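One structure below.
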């Protein structure tokens, strides 16, 4: 059954990819694509639920299914095997569930696009790879899924490849991910060398065994985290995610909010056996996570593109997840993955609905006053915004509060400093999200007349999904994910003396959310005057933040230009032209030169020829002395 | 060896003829006018004929003089007379005089060293066996009849070729005369 | 040095002189005559060895060499004549049209 879960989306890819695109001659219409493209993921979701039931019936003993033996090299078998336990169940439900509803949303959103069939083919392919990633038993299968989702991300970011900027964004995403994959591969090599297997459950067990393993847990942990940081857009490999907003909005929702970017979090949580014994690596993860969260939140405050704000918000929330992983609260991080999937997907899809309503406008400076015109979008967006800001009893409040609490009190690296930075981040999150809400929906309209004329509510296929996701954002917090995962991923122990801070910190979390709301209302409630005045007072800071701390320019200078120089000077001019071409041309020149030289024997003079006969006779006689 | 020479007239004559042949052959390289070169070659050939006679192969000596001197060299002399009247005396030596000289010495040395060392000692004293023409003809036409036939084929081919050359010559002449 | 060695030495010397004559002399007809000298040197060596072994095969070969030499001269001369017609000189330096 696990194999069926994985293969159903692949079937959808093959069918849609061949029949519904120019490849197969556009044989089928949109209805076929819709039925296949949305139906198969829904069936996969049902199968995941069935697997969960089966898991429960078996007292939560992990389900293992070996699909295919790929190779046997020496004593190491390399199999494609699927593994279903509590963690897998949570992730698979999110992937197939949220994935399916986003597929349904895409039916309405991409209705008028001529690449309709291709889009659904790619989406299904993405689901296939993501399920491979989540259900894989060995790191190798996970890596195949890892690379595959990277490929699909590239294909979907550059979906409208007619515009060169989109293609470049896709390329940037892929290349940045490959940098992280180098670390991932090195980690895999070390693990295989130490344990002879890449099966994750076996590796975790080996690290927990009595004898110390031969490889340093921190080293492996850092290498695997390098791959995770690229996939989940942490500093310094976060640069691809804002550019990835060039893709269609359902892609941003599915891949760059709900599922693919959380693959890094899943990896670290899955390999918790390693990280429990790697305090140095865990400390690094926590620091990078909280730094990324803070950095991204500061940038999001000044962004003017509705999708860019949400992109930086995603980076920031991922940072918080890594903070939770860094202090040992793996189950809490996964909990945040779940709630984040709900409200971030809702936010992105709502943004897509706004863009759809405005006929393509994405700049918030040219929006406003939409609340009454597109009410369903407005209310779902509001619920999701409140969730991300951490207003109780919505979903975001529960997961974020748990992260902050463990950051403060965990015995595995929790400290007040981490808590403080995370709290400031939470404040900024609430602020910029409500800012976005105000600028987009409330206040006076700043739209151009023709856009304003065009504003209409989205069809039911889109608003229905928004309502479902808003509902989940509201009540999702009550799904007790950490407790469900506790049997597999135990929560870390807490400092005894800090227990008394639990309630005060809870109050502080709520207060942060409300303060953020108030600040946004104050600055943006009554028109742009107050925010403009604030910008005038700090022009340098504003420029620094709006240009994302000039990191892209830094990478261009420090990495891009030297690479181009080396490629041009060393590889092209020296290696290719001088050495390779020179060798070939030199060989030809030797032939030509020796031909010319030998040609000079033919002088046309008979005297010379007969003299050569004499030389030949003498030569052969001399040779015969030696050898005959 | 001088005593044995004086005692044996045969050997003396052989020596004289050999020296003469070598001398006139060397003269060939040195003389300026082609006619004189032809005369030197005729001298060499006749002396070689004498050597063959001293060795006892009389019919080969006879054929040497008959064919070589009587046909080949006469033809040569005719042609020289034909061509030399019109031509002025040209340069004697080519560009390769010095390399040729060095080559000569080297070649001579190498061949002599190659050939003299393994020469078997004479089992049969040369000059003692007389090759009668009868014995030769029987052997030639009997055992080596194939070679005999091949020579006749070769001669026929030569005649045909000569005719062809004359034809070509005639055609070229007429074309030139017509301009 | 016995007779055999002497005669073979003479034959080799005649052959070498003929070969060098072809290299050294400029006049075409003189070159042809030097080629005849080479053939004569070979004939002498053939006769010497024929005498030594006592068989007739050496003499037969000498006879064949006669025939071939005659045929060769009979054709070489006309060719030379035809060439001389065009170039109007017997100097071999003028005949280098076939150079590479």
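Protein chains in written order, with our numbering: chain A, 1 to 628; chain B, 629 to 807; chain C, 808 to 907. We treat Cβ as the ideally placed atom computed from N, Cα and C, and that holds for glycine. Since this is a predicted model, take the numbers as computed values, not measurements.
Helix, strand or coil at residue i [DSSP, three-state]
{"i": "residue 83 of chain A", "result": "strand"}
{"i": "residue 410 of chain A", "result": "strand"}
{"i": "residue 363 of chain A", "result": "strand"}
{"i": "residue 136 of chain A", "result": "strand"}
{"i": "residue 458 of chain A", "result": "coil"}
{"i": "residue 494 of chain A", "result": "strand"}
{"i": "residue 78 of chain A", "result": "strand"}
{"i": "residue 721 of chain B", "result": "strand"}
{"i": "residue 898 of chain C", "result": "strand"}
{"i": "residue 640 of chain B", "result": "helix"}
{"i": "residue 163 of chain A", "result": "coil"}
{"i": "residue 634 of chain A", "result": "Outside the displayed range of chain A (1 to 628) lies residue 634 of chain A, so it cannot be described from this structure."}
{"i": "residue 904 of chain C", "result": "coil"}
{"i": "residue 305 of chain A", "result": "strand"}
{"i": "residue 859 of chain C", "result": "helix"}
{"i": "residue 692 of chain B", "result": "helix"}
{"i": "residue 445 of chain A", "result": "coil"}
{"i": "residue 611 of chain A", "result": "helix"}
{"i": "residue 486 of chain A", "result": "coil"}
{"i": "residue 193 of chain A", "result": "helix"}
{"i": "residue 1 of chain A", "result": "coil"}
{"i": "residue 259 of chain A", "result": "coil"}
{"i": "residue 20 of chain A", "result": "coil"}
{"i": "residue 746 of chain B", "result": "coil"}
{"i": "residue 547 of chain A", "result": "coil"}
Exposure label - residue i; buried when at least 16 CB within 10 Å
{"i": "residue 574 of chain A", "result": "exposed"}
{"i": "residue 423 of chain A", "result": "buried"}
{"i": "residue 607 of chain A", "result": "buried"}
{"i": "residue 796 of chain B", "result": "exposed"}
{"i": "residue 402 of chain A", "result": "buried"}
{"i": "residue 642 of chain B", "result": "buried"}
{"i": "residue 336 of chain A", "result": "buried"}
{"i": "residue 334 of chain A", "result": "buried"}
{"i": "residue 746 of chain B", "result": "exposed"}
{"i": "residue 6 of chain A", "result": "buried"}
{"i": "residue 706 of chain B", "result": "exposed"}
Nearest-angstrom Cα separation, counted from residue j out to residue i
{"i": "residue 715 of chain B", "j": "residue 665 of chain B", "result": "Any reading at residue 715 of chain B must be qualified, since the residue scores a pLDDT of 48, below 50, and its modelled position is unreliable; the value itself is stated next. Each residue's alpha carbon lies about 16 Å from the other."}
{"i": "residue 690 of chain B", "j": "residue 856 of chain C", "result": "19 Å"}
{"i": "residue 730 of chain B", "j": "residue 610 of chain A", "result": "14 Å"}
{"i": "residue 80 of chain A", "j": "residue 242 of chain A", "result": "34 Å"}
{"i": "residue 456 of chain A", "j": "residue 354 of chain A", "result": "9 Å"}
{"i": "residue 356 of chain A", "j": "residue 376 of chain A", "result": "14 Å"}
{"i": "residue 791 of chain B", "j": "residue 798 of chain B", "result": "10 Å"}
{"i": "residue 213 of chain A", "j": "residue 110 of chain A", "result": "52 Å"}
{"i": "residue 204 of chain A", "j": "residue 486 of chain A", "result": "16 Å"}
{"i": "residue 842 of chain C", "j": "residue 834 of chain C", "result": "13 Å"}
{"i": "residue 222 of chain A", "j": "residue 281 of chain A", "result": "6 Å"}
{"i": "residue 149 of chain A", "j": "residue 253 of chain A", "result": "14 Å"}
{"i": "residue 725 of chain B", "j": "residue 650 of chain B", "result": "20 Å"}
{"i": "residue 631 of chain A", "j": "residue 115 of chain A", "result": "Residue 631 of chain A falls outside the range modelled here, since chain A spans only 1 to 628, and no answer is possible."}
{"i": "residue 240 of chain A", "j": "residue 157 of chain A", "result": "11 Å"}
{"i": "residue 66 of chain A", "j": "residue 15 of chain A", "result": "25 Å"}
{"i": "residue 439 of chain A", "j": "residue 528 of chain A", "result": "9 Å"}
{"i": "residue 264 of chain A", "j": "residue 352 of chain A", "result": "26 Å"}
Range covered by the beta strand (DSSP E) that runs through residue i
{"i": "residue 70 of chain A", "result": "63–73"}
Paired residues, beta bridge with residue i - DSSP
{"i": "residue 539 of chain A", "result": "Its beta-bridge partners do not exist; DSSP assigns none."}
{"i": "residue 834 of chain C", "result": "C/898"}
{"i": "residue 199 of chain A", "result": "A/138"}
Terminal residues of the alpha helix (DSSP H) in which residue i lies
{"i": "residue 663 of chain B", "result": "662–683"}
{"i": "residue 114 of chain A", "result": "Per DSSP, residue 114 of chain A belongs to no alpha helix (DSSP H) and is neither H nor E."}
{"i": "residue 584 of chain A", "result": "582–599"}
{"i": "residue 380 of chain A", "result": "375–389"}
{"i": "residue 772 of chain B", "result": "Here residue 772 of chain B belongs to no alpha helix (DSSP H), and DSSP marks it neither H nor E."}
{"i": "residue 504 of chain A", "result": "502–524"}
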